[in-house]
Structure formats: C-alpha cells, structure tokens
Amino acid sequence: MRSVLFNNAIILTLCLLVFFLQPDSHQWFAYYHSGIEKGQWWRLLTAHICHTNGYHFLLNAVGLVVVSTLFLETFKKISLLAASLFSALFISTCLFLLEPDLQWYVGLSGVLHAIFAIGVCDELKKADKWGLILAVGFLIKIAFEQFNGPSLMTESLIAATVLVNAHLYGAIAGILYFLMMPFWKKCSLWQNNAKNSVKSNK
C-alpha cells in the first residue's frame, strides 16, 4: 500500500511542478516531434507529466488514484512507477515512429490506459469474472474511440484534441509490460543474486 501511495505521490508531484511552471515547462518538457528529432529524447518521457490546463491535470490525477486503487493488489506486486516509465516511453516512441505528422502532445491519459491494462491482465490471470467484465468494457472503450473519436466534452474541458491513438498505444504497452513480467522478475532475481554474491565474497 505504501509503495503505491509513494509512486502516486512521485508522479503527481512531478505533474504539479510542471503545471505550475507553465508555459516555460511546456517548452522544455512537452512532446515536440521536431525537438525529439534534434536529440531531445527526454521529451519521450516528460510529455506525459505535462497538461494543457487545470481540468486536464485533475482528470488525470483522479484517474491515476482511481485506477491504482481499483487494482491495488496488482500494484503491490508490480511497480507502478516502473510500469508508467515503460508505458510513457513506449507510447511516445509509437507516436514518433508511426505518426510523424503529430507535432505536439501532452498528458498522462495514455499511461493511465497502460496501467489499467496491466490491472485487467492481472485479474484475467486469476480467472476472475470481474477481470473478464473489465476486459470487455476496456476493449469496447478503445474500439469506440478508434471508430467514433474522442469525447467532445473532454476536448472542451482540456482545451485540446484528445489523441485516441495514445490510449491505444497505452493499452498495448500495458499488455506488453504484463507479458514481460517474468523477464523483469528474472532480472530482479539476477541482481539480487549478484549482490548476495558480492557480499559473500567480502
């Protein structure tokens, strides 16, 4: 529980800092395709802690708290911060490679879709009916956005176009991260064994 709260606090604090430092922070941290082309690789990560306005930040902040609470047991086992970093990088890389015409992007919603996908995958692994219901609802939501576009109300609130493909890439990122969990665990086990070996040699 503490680790989930701590990870949430880190993410939300970073979002708040960037928000209060606007507009200068956007110049440095938002996703700009031209900037990334020039080697400003940090934008692949930092774009996701930038927001267009207070409503945008609040929507994502509430979303983060709700999703991490809904899947609390999952994120006691899986690092929310590590999953968010992986997802942010995956989403931005997809945007950069697959959507070269997209010049600007900010927001945490893609990462939230990744976190939700991880939680759903964990529920499905338990063969829980609740997980199946969530999975169906999530797939319908993603498909609806792809065919019908984003909510006009949301776009009005955040004063920007909702990039539904970021949600799709986020969902894919979450599924990939979950499928790669055995690899992450092996890496962690290897690191722990290496540390223990060094200690024993001393």
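780 is the number of the first residue of the sequence shown in my numbering; add one for each residue after it.
Beta carbons: idealized from backbone N, C-alpha and C, even for Gly.
Quick caveat: nothing in here was measured; it's all calculated off a predicted structure.
DSSP state of residue i mapped onto helix, strand, coil
| i | result |
| --- | --- |
| W807 | helix |
| W883 | strand |
| I857 | coil |
| W821 | coil |
| S935 | helix |
| L903 | helix |
| Q801 | coil |
| P961 | helix |
| E816 | helix |
CB-CB length for residue i against residue j, believed under 8 Å
| i | j | result |
| --- | --- | --- |
| V885 | G949 | No, V885 and G949 are not in contact; Cβ-Cβ is about 14 Å, not under 8 Å. |
| T831 | A938 | 5 Å |
| N927 | E878 | N927 to E878, Cβ: 19 Å. No contact. |
Cut-off 8 Å between Cβ atoms - residues of its own chain near residue i, not counting five sequence neighbours on either side
| i | result |
| --- | --- |
| R781 | none |
| L868 | L823, L824 |
CB of residue i within 8 Å of CB of residue j, strictly
| i | j | result |
| --- | --- | --- |
| F808 | T825 | yes |
| Y810 | L876 | no |
| V783 | L838 | no |
7 Å CB neighbourhood of residue i in its chain, flanking five on each side removed
| i | result |
| --- | --- |
| I921 | H946, L947, A950 |
Please confirm if the segment 794-803 is in contact with the segment 850-863, defined as three or more CB-CB distances below 8 Å between the two stretches. no
Using 8 Å as the threshold, is the segment 939-958 in touch with the segment 893-900, meaning 3 or more CB pairs across them? yes
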